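Engineer: Below you will find the structure I want to go over with you.
Protein chains: 2
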Amino acid sequence: MRIAELSERSGVPVHTIKFYRREGLLPAGTLSAANQADYSEDHLRRLNLIRALVGVGGLSLQQVHKVIAALENDDLSTFQLLGVASYALLPDPPLGAEQRRSVVEVQRFLEMRGWRVFPGSPAVFQLADALDAIGTFWGPIDAEALTGYADVIEPLAEHEAGTIDLAASRDELVDRVVVGTVLWEVVLTSLRRMAQEHFSRTRAGL
Amino acid sequence: MRIAELSERSGVPVHTIKFYRREGLLPAGTLSAANQADYSEDHLRRLNLIRALVGVGGLSLQQVHKVIAALENDDLSTFQLLGVASYALLPDPPLGAEQRRSVVEVQRFLEMRGWRVFPGSPAVFQLADALDAIGTFWGPIDAEALTGYADVIEPLAEHEAGTIDLAASRDELVDRVVVGTVLWEVVLTSLRRMAQEHFSRTRAGL
Numbered sequence: 007m008r009i010a011e012l013s014e015r016s017g018v019p020v021h022t023i024k025f026y027r028r029e030g031l032l033p034a035g036t037l038s039a040a041n042q043a044d045y046s047e048d049h050l051r052r053l054n055l056i057r058a059l060v061g062v063g064g065l066s067l068q069q070v071h072k073v074i075a076a077l078e079n080d081d082l083s084t085f086q087l088l089g090v091a092s093y094a095l096l097p098d099p100p101l102g103a104e105q106r107r108s109v110v111e112v113q114r115f116l117e118m119r120g121w122r123v124f125p126g127s128p129a130v131f132q133l134a135d136a137l138d139a140i141g142t143f144w145g146p147i148d149a150e151a152l153t154g155y156a157d158v159i160e161p162l163a164e165h166e167a168g169t170i171d172l173a174a175s176r177d178e179l180v181d182r183v184v185v186g187t188v189l190w191e192v193v194l195t196s197l198r199r200m201a202q203e204h205f206s207r208t209r210a211g212l
Numbered sequence: 007m008r009i010a011e012l013s014e015r016s017g018v019p020v021h022t023i024k025f026y027r028r029e030g031l032l033p034a035g036t037l038s039a040a041n042q043a044d045y046s047e048d049h050l051r052r053l054n055l056i057r058a059l060v061g062v063g064g065l066s067l068q069q070v071h072k073v074i075a076a077l078e079n080d081d082l083s084t085f086q087l088l089g090v091a092s093y094a095l096l097p098d099p100p101l102g103a104e105q106r107r108s109v110v111e112v113q114r115f116l117e118m119r120g121w122r123v124f125p126g127s128p129a130v131f132q133l134a135d136a137l138d139a140i141g142t143f144w145g146p147i148d149a150e151a152l153t154g155y156a157d158v159i160e161p162l163a164e165h166e167a168g169t170i171d172l173a174a175s176r177d178e179l180v181d182r183v184v185v186g187t188v189l190w191e192v193v194l195t196s197l198r199r200m201a202q203e204h205f206s207r208t209r210a211g212l
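Just so you know, the sequences run in chain order A and B.
Residues are numbered in my numbering as their position in the first sequence, beginning at 1, plus a constant of 6.
Residues are numbered in my numbering as their position in the second sequence, beginning at 1, plus a constant of 6.
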């Protein structure tokens, strides 16, 4: 298909498609006889991925680059691919003394739950950062205080991990992880905010 | 206290404090006899708030401005203050034809659950956006598909809304909403990612 059709089907403006091309996020189309670039369904799929990551997930172009580099790295095993893609979805945490305070607590929490998580996972630092920040308002938050949330999240994550088809193609796997991680995360947090509004309203007698 | 102490106690560098001052996010200190600005515990509290919103929550300065404008607007009732602060924590959704597809489905979902949520709530558009994006990968997502997530989130949000002390001061209320909404959201999503990693690892036999 021509770039105009690609734009129409993906909902991404032509100039933005060209920008993604220049940034190396989207492979070149094949040149047709008329010396025009021809795009395939793979290009459409890639554009949908970029659009979901940037538009809904709020990821930076740098993070999108990491996801796509993982996708295009054939040396990675399926599990590594899932890991790299998933890790790329979180910003690199800034390192500081502040942050380290709760990292120990997060590691203790992971041991308590028996969750096997790479100690350098961005989620570990993200959680430690959040606990440190909550601590400045409410005093220190320990591993035990996370139990209620973990009890809710554990069966959900187990179900989600179980729905990944490990025999699928690399493209499908990455789509799956990206959609499963970034987009369902937005679903989860927006549901939480709506439910909070409902119960606050009820409590305020409104 | 002097600006150096404010910086040390908050962990925010002096030049960043000055930047927040210029941006109007932090009120001026009182001038002491020596013609130096003197800062109070209120300034420290405000800095902790800004730091949590920007640093951990990833909010833009524009969003922080909205939260602080709500906090300083004495015409707002407690419930309105909670609402405005909570709404300010989500970016204004871009409007587009794409988006509207799922808005109807979100409204149907809210009716199904009996959640009373303002139809213009940013969370409504955020959810609709996410559903549209998921739809481009997996086909249309209907209200029924959200049941599993909503069942998990509902008791959590009810508990969270129940812990807000409506008789607290405005400053405390806003701190509470910000911490409760933004920071615990980060806790929730990082727990989910860690649990997903654990269960993916287990499934892959690693």
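Positions of the beta carbon are idealized from the N, C-alpha and C atoms, including for glycine.
Note that the coordinates shown come from a computational prediction; the quantities given were computed from them, not determined experimentally.
Given a threshold of 16 other Cβ atoms within 10 Å of its Cβ, counted over all protein chains shown, does Arg28 (chain B) qualify as buried or as exposed?
Structural biologist: Arg28 (chain B) comes out exposed.
Engineer: Secondary structure at Ala43 (chain A), three-state DSSP: helix, strand or coil?
Structural biologist: Strand at Ala43 (chain A).
Engineer: Among B:Ser175, B:Ala201, B:Ala129, B:Leu116, which one has its Cα closest to the Cα of Ala149 (chain B)?
Structural biologist: It is B:Leu116.
Engineer: Determine the direct distance from the alpha carbon of Lys24 (chain B) to that of Arg198 (chain A), and round the result to whole angstroms.
Structural biologist: If I take the Cα positions, the gap works out to 35 Å.
Engineer: Give me the residue from B:Ser108, B:Arg122, B:Thr36 with the minimum Cα distance to Phe131 (chain B).
Structural biologist: For the residues B:Ser108, B:Arg122, B:Thr36, the minimum Cα distance to Phe131 (chain B) belongs to B:Ser108.
Engineer: Let's see if you can read the secondary structure: which residues bound the alpha helix (DSSP H) around Pro125 (chain A)?
Structural biologist: Note, Pro125 (chain A): premise wrong, no alpha helix (DSSP H); not H, not E.
Engineer: Alpha carbons only, please: which of A:Thr36, A:Gly154, A:Val184 is nearest the one belonging to Pro72 (chain A)?
Structural biologist: Per the sequence shown, the amino acid found at residue 72 (chain A) is Lys instead of Pro. It is A:Val184.
Engineer: Output needed in chain order: residues of the stretch 191–210 of chain A with a Cβ under 7 Å from some Cβ in chain B.
Structural biologist: Those would be Glu191, Val192, Val193, Leu194, Thr195, Ser196, Leu197, Arg198, Arg199, Met200, Ala201, Gln202, Glu203, His204, Phe205, Ser206, Arg207, Arg209, Ala210, in chain order.
Engineer: On the three-state DSSP scale, how would you describe Thr36 (chain A)?
Structural biologist: Strand.
Engineer: Can you tell me whether Thr153 (chain B) is buried or exposed? The criterion is at least 16 other CB atoms within 10 Å of its CB, across all chains shown.
Structural biologist: So Thr153 (chain B) ends up on the exposed side.
Engineer: Counting only beta-carbon separations shorter than 8 Å, does Met7 (chain A) have a partner in chain B?
Structural biologist: Judged by the 8 Å Cβ criterion, Met7 (chain A) is not in contact with chain B.
Engineer: Can you name, in chain order, every residue of its own chain whose Cβ lies under 6 Å from the Cβ of Leu137 (chain A), other than the five neighbours on each side?
Structural biologist: Counting only Cβ-Cβ distances below 6 Å, and skipping sequence neighbours, we find Ser108, Ile147.
Engineer: Who are the neighbours of Gln132 (chain B) on chain A, taking C-beta pairs under 7 Å?
Structural biologist: The contacting residues are Val192, Ser196.
Engineer: Under a three-way DSSP split, which group does Asn54 (chain A) fall into?
Structural biologist: Residue state, collapsed to three classes: helix.
Engineer: Could you give the distance in angstroms between the alpha-carbon of Phe124 (chain B) and the alpha-carbon of Ala201 (chain B)?
Structural biologist: Phe124 (chain B) and Ala201 (chain B): Cα-Cα distance of roughly 33 Å.
Engineer: What is the DSSP secondary structure of Thr195 (chain B), counted as helix, strand or coil?
Structural biologist: Note: Thr195 (chain B) maps to helix in three-state DSSP.
Engineer: How long is the line joining the alpha carbons of Leu179 (chain B) and Gln68 (chain B), rounded to whole angstroms?
Structural biologist: If you take the alpha carbons of Leu179 (chain B) and Gln68 (chain B), they lie about 21 Å apart.
Engineer: Please classify Leu82 (chain B): does DSSP put it in a helix, a strand, or coil?
Structural biologist: In this structure, Leu82 (chain B) counts as coil in the three-state DSSP scheme.
Engineer: Could you spell out the range, first to last residue, of the alpha helix (DSSP H) harbouring Ile215 (chain A)?
Structural biologist: Because chain A in this structure spans residues 7 to 212, residue 215 (chain A) falls outside the shown range and cannot be described.
Engineer: Under the three-state reduction of DSSP, which class applies to Thr169 (chain B): helix, strand or coil?
Structural biologist: Thr169 (chain B) falls in the coil class under three-state DSSP.
Engineer: Compare the Cα-Cα distances from Arg190 (chain A) to each of B:Thr169, B:Ala151, B:Ser206 and report the closest residue.
Structural biologist: The identity of residue 190 (chain A) in the sequence shown is Trp, whereas the question assumes Arg. Closest by alpha carbon: B:Ala151.
Engineer: Please state if the CB of Leu162 (chain B) and the CB of Val158 (chain A) are separated by a distance shorter than 8 Å.
Structural biologist: Yes, the Cβ-Cβ distance between Val158 (chain A) and Leu162 (chain B) is below 8 Å.
Engineer: Can you name the start and end residues of the alpha helix (DSSP H) that Ser13 (chain A) belongs to?
Structural biologist: Note, Ser13 (chain A): alpha helix (DSSP H), 9–16.
Engineer: Short check: CB of Val112 (chain B) to CB of Leu133 (chain B), under 8 Å?
Structural biologist: Yes, the Cβ-Cβ distance between Val112 (chain B) and Leu133 (chain B) is below 8 Å.
Engineer: 8 Å is my cut-off, CB to CB: does Arg300 (chain B) come that close to chain A?
Structural biologist: In the structure as shown, chain B starts at 7 and stops at 212, and residue 300 (chain B) therefore has no counterpart that could be examined.
Engineer: Count the other CB atoms, across all protein chains shown, that sit within 10 Å of the CB of Val192 (chain B); report buried if there are 16 or more and exposed otherwise.
Structural biologist: Per the 10 Å Cβ criterion, buried.
Engineer: I need the boundaries of the alpha helix (DSSP H) containing Ala210 (chain B), first residue and last residue.
Structural biologist: Taken as a continuous stretch (DSSP letters only), Ala210 (chain B) belongs to no alpha helix (DSSP H), as it is neither H nor E.
Engineer: Are the CB atoms of Ala58 (chain B) and Ala139 (chain A) within a distance shorter than 8 Å?
Structural biologist: Yes. Within cutoff.
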